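Some notes on the structure that comes next.
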Amino acid sequence: MKIALFGNPNTGKSTIFNMLTGLRQQVGNFPGVTVDKKKGRIATAQSQHQLTDFPGTYSIFARSLDEQVVKEVLTNPQHPDYPEAIIYVADAANLERNLLFFSQLYDLGFPILLVLNMWDRAGQKGLQIKLDTLQSNFPAASVVTANARIALGKERILKAIDELAVGQRAAFHDTAFQALQSDAEQTQNSDERLQKIRSLGLVTEAPSKISNQSTRLDRMLTHRIYGYLIFSAILLVIFQLIFSFASIPMDFIDGLFVRLSSWSAAHLPEGVLSKLLTQGLIPGIGGVLVFVPQIAILFFFIALLEESGYLSRVVFIMDHLMRPFGLNGKSVVPLLSSVACAIPGIMSARTISDWKERLITILVAPFMSCSARIPVYTLLISLVIPKIYIGGFLSLQGLVLFGLYALGIIFALGTALLLKLLVKSRTPGFHLMELPDYKTPRLSNVGYTVYEKVRVFIFDAGKIIVAISIILWALASYGPSSREQALRALHQEQNYQQAEQAKQQELDNALLLSESYIGHFGKWMEPAIAPLGYDWKIGIALLSSFAAREVFVGSLATIYAVGDDTDTQKRLIEKLKEEKTDKGQATYSLATGASLLVFYVFAMQCMATLAVVKRETNTWSWPLLQLVFMGVVAYLSAFLVFQLLV
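Structure follows, in structure tokens:
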């Protein structure tokens with residue numbers, strides 16, 4: 010069967026999905042929209058089924074694009090994702106509110122399984138649920154209890170799927186509700202359903218300690234002063250750990266690719282393919298994979314915060330901060346998601362019902378420093394920021410990384426304020442949310458998140474990096490006929506003839522690269538970027554990284570590897586430290602490095618993000634305006650920083 014997984018947000022629906030499917034899952038989009046769709050395979054005692062995880066929804070009545078997708082699937086039997094059965098996940102500790110959407114699905118006539126998740130939390134909160142009363146009011150539904158966080162209830166769910174009932178049943182409330190059109194009719198229907206659910210008396214409550222503990226924690230974590238300080242401290246610790254813990258696996262991966270490239274140069278037969286492999290593909294791919302440990306650490310901590318329930322508290326306290334800037338608390342989720350990647354961050358803005366707030370969120374989301382910037386940040390920080398500790402424990406490099414993220418946030422809010430004044434609103438927005446219970450993070454769910462994010466990063470970035478590495482290597486390895494003439498002229502110079510063989514090889518490589526096709530193009534654009542402290546090699550890397558920011562590192566690795574046929578190749582960072590300008594000064598000085606860091610904080614540098622903004626706004630006007638604005642800000646900021654530090 011095609012089984013749909015539904016439920017309110019924060020009910021453990023994704024945990025149920027992971028528990029049932031394991032790694033047998035894939036992520037895509039629903040047809041025609043950019044709403045995420047997760048599918049997986051599950052095996053019961055009798056057959057195999059396809060399970061689709063739908064966005065968390067409170068009602069079939071659509072208020073956002075996510076909810077619109079759910080409504081279209083449920084009310085259109087011709088839709089390719091129209092389900093044959095439904096698994097509905099409810100939070101047992103908040104049962105009555107969760108039953109609103111369940112009752113609507115029940116009245117649509119689908120075979121349906123109700124999973125009362127977080128059953129242990131309900132008991133800890135002193136709640137007693139009358140399962141007999143629940144079953145008698147929804148006789149056609151199967152009801153099972155589960156605690157997916159510790160993998161309890163899986164076998165009960167699989168058994169219940171095999172026993173799902175198909176056929177006619179009496180409606181719980183109203184079989185005609187799906188035809189309701191006006192907001193007033195929908196609100197009335199929902200109110201009537203909630204009143205009927207509450208009248209059943211399904212839940213009785215006894216005093217418990219857990220509610221008092223949550224209240225005490227919330228007073229501190231959502232405090233108007235302490236709440237922001239705690240969140241800032243957590244972020245600072247995360248960035249410190251990114252630099253501290255990731256260095257060992259990063260050095261191992263970096264050394265591995267250097268040895269692989271050296272071995273390939275020493276053992277593979279001479280030829281074009283050998284040079285492409287040793288000077289193009291291996292350095293390009295290795296230059297990005299080396300940053301996987303840092304990305305994994307970042308996603309690990311974000312997943313921990315989300316699993317624990319703390320991230321919802323961040324959304325809550327940020328609502329007060331966001332409103333003066335034309336945003337609301339719901340904007341925090343897209344902005345925080347953009348720390349991983351702006352693309353899902355922008356797509357998650359669909360949950361914002363107000364058009365103006367949604368548009369502003371979409372336009373400022375790329376200012377948040379995404380994971381694709383981490384390879385650029387960490388390479389440049391390691392290159393120009395000394396590895397020292399303030400007070401013996403605060404890494405200066407970690408503080409700079411924290412400052413770059415803070416700079417992006419500050420400018421996102423400033424741009425939002427500007428857009429608030431320029432974009433006219435149709436209706437005032439509002440933000441309604443719930444705070445889930447605090448939970449001990451389940452490491453398997455955190456692991457799934459890290460695995461999925463790293464996998465997407467490697468393969469999505471990998472395809473771009475391989476293609477660009479091949480193009481860059483070809484453009485850097487070949488040139489016009491004048492290149493050969495320049496090489497012969499170099500060989501006739503007395504200084505060249507008197508130099509050692511290693512020095513001659515270095516001079517040959519430098520001339521061949523500068524006179525190649527990519528060298529000519531880089532020098533053509535160099536006057537425009539020279540005021541920022543960049544040479545033509547940096548310019549080529551900047552241009553190629555418009556496909557994806559992390560390509561900047563891979564491009565530098567490819568450019569500096571061209572012509573290096575020795576079996577003692579150096580790490581990229583060592584090559585960059587040794588790079589000199591025509592005047593004999595370090596190419597990657599503090600001024601140049603800081604200029605590049607600021608440039609990448611502000612520049613769009615991502616074709617995929619532009620495409621998603623176009624799709625979400627249904628026009629090229631906003632993404633083009635966004636591209637120009639961010640480009641101008643990046644250029645001017647980088648220029649100012651370089652001129653101040655040079």
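Under the working numbering, read the sequence shown as residues 10 to 655, first letter to last.
Where a beta carbon is used, it is the ideal one built from N, C-alpha and C, also for glycine.
It should be emphasised that the depicted structure is a prediction, and the values quoted were computed from it without experimental measurement.
For residue 494 and residue 476, the gap between their C-alpha atoms comes out near 30 Å. Residue 589: not part of any beta strand (DSSP E); DSSP gives it neither H nor E.
Between residue 151 and residue 113, the C-beta spacing is not below 8 Å. Residue 66 and residue 97 have their C-alpha atoms some 11 Å from each other. Around the C-beta of residue 371, 16 or more other C-beta atoms lie within 10 Å, and the residue is accordingly described as buried.
Burial is judged here by how many other beta carbons sit within 10 angstroms of a residue's own beta carbon; residue 75 has at least 16 and is buried. By the 16-neighbour rule on beta-carbons within 10 angstroms, residue 107 is buried. Residue pairing for residue 97: DSSP places it in a beta bridge opposite 15 and 123. Under the 10 Å beta carbon count, residue 23 is surrounded by 16 or more other beta carbons and is classified as buried.
Every alpha helix (DSSP H) of 4 residues or more that sits fully in the region 126-201 is shown, in chain order, as 128-133, 140-146 and 163-171. When the alpha-carbon of residue 421 is set against those of 653, 121, 132 and 635, the nearest one is in 635. The C-alpha of residue 584 lies about 19 Å from the C-alpha of residue 285.
Within the same chain, Cβ atoms closer than 6 Å to the Cβ of residue 561 are found at 385, 550 and 554, the five residues on either side in sequence being excluded. Contact check for residue 496 against residue 517 passes: the beta carbons are separated by less than 8 Å. Cβ contact annotation for residue 604 (same chain, cutoff 8 Å, sequence separation greater than five): 541, 542, 543, 647, 648, 650, 651 and 654, in chain order. Residue 487 places its beta carbon less than 8 Å from that of residue 525. In the DSSP annotation of this structure, residue 368 is not part of any beta strand (DSSP E); the continuous alpha helix (DSSP H) holding it starts and ends at 364-373. Distance from residue 166 to residue 29 at the Cβ level is roughly 7 Å; contact confirmed, criterion being Cβ atoms closer than 8 Å. When only Cα atoms are considered, residue 628 and residue 414 end up about 29 Å apart. Contact holds between the region 268-275 and the region 287-294, because three or more Cβ pairs, one in each stretch, are under 8 Å apart. Per the C-alpha coordinates, the member of 52, 155, 615 and 332 positioned closest to residue 12 is 52.
About 6 Å separates the beta carbons of residue 111 and residue 123, which is inside the 8 Å limit, making them a contact pair.
Residue 460 and residue 27 do not touch by the CB rule: their CB atoms are close to 11 Å apart, not below 8 Å. Relative to the Cα of residue 56, the nearest Cα in the group 80, 10, 180 and 21 belongs to 10. For the region 61-93, the full-length alpha helix (DSSP H) segments reaching 4 residues or more read 74-83 along the chain. Just measuring C-alpha positions, the residue of 322, 20, 400 and 228 sitting nearest residue 158 is 20. Under the three-state reduction of DSSP output, residue 449 falls in the coil class, being neither helix nor strand. Contact between residue 347 and residue 377 holds: their C-beta atoms lie close to 4 Å from each other, under 8 Å.
Note: residue 212 is bridge-paired with 138 in the DSSP secondary-structure output. Separation of the CB atoms of residue 175 and residue 120 is rounded to 5 Å, and the pair is thereby assigned contact status at 8 Å. The C-alpha of residue 50 lies about 11 Å from the C-alpha of residue 62. DSSP places residue 631 in the uninterrupted alpha helix (DSSP H) bounded by 630-654.
In the structure shown, residue 421 falls within a helical segment according to DSSP collapsed to helix, strand and coil.
The C-beta distance from residue 70 to residue 197 rounds to 11 Å, too long to meet the 8 Å contact threshold.
If you draw a straight line from the Cα of residue 149 to the Cα of residue 86, it comes to about 21 Å. Contact annotation: residue 354 and residue 344 have beta-carbon atoms nearer than 8 Å.
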